[in-house]
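One structure is given below, encoded as structure tokens.
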Amino acid sequence: MGNAQLDDWLDPEYIQITRQEAARILGRSPKDFDRMRKEDPECPKGFKQGAERSARVLFRLADIYRYSQNLMARHGGEPEG
0 MGNAQLDDWL DPEYIQITRQ EAARILGRSP KDFDRMRKED PECPKGFKQG AERSARVLFR
60 LADIYRYSQN LMARHGGEPE G
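When we follow numbering that gives the first Met the number 0, the leftmost residue of the sequence shown carries the number 0, and every step to the right adds one.
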């Protein structure tokens, strides 16, 4: 599979990442990320991988990217868009 084909296949709208990976992308600790999820209504809440209470919470990579962009815009990093 060539790079162009791989890039087409790796669409962030369909890539699921863990809480730890989401926190790392945002430059936060998992604990800080949990706090953001509770306190910031714009922060992605994620979705459970199963029905059990202990089921793993996953996040769509594109949602984390959009949230990061919104955070930067809030703090003067770059315009929203």
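Beta carbons are placed, not taken as given, at the ideal position from N, Cα and C, and that holds for glycine. Quick caveat: nothing in here was measured; it's all calculated off a predicted structure.
Cα-Cα separation between residue i and residue j, rounded to whole angstroms
i: Pro-40; j: Leu-70; result: 12 Å
i: Glu-51; j: Ala-21; result: 22 Å
i: Arg-65; j: Ser-53; result: 27 Å
i: Arg-27; j: Leu-9; result: 24 Å
i: Leu-60; j: Met-35; result: 17 Å
Where residue i sits in the DSSP three-state scheme
i: Gln-15; result: strand
i: Lys-47; result: strand
i: Arg-65; result: helix
i: Pro-40; result: coil
i: Leu-25; result: helix
i: Asp-10; result: coil
i: Arg-52; result: coil
Residue range of the unbroken alpha helix (DSSP H) whose run includes residue i
i: Arg-59; result: It is not in any alpha helix (DSSP H) - Arg-59 instead sits in the beta strand (DSSP E) that spans 56-59.
Exposed unless 16 or more other CB atoms sit within 10 angstroms - verdict on residue i
i: Gly-75; result: exposed
i: Gly-45; result: buried
i: Tyr-13; result: exposed
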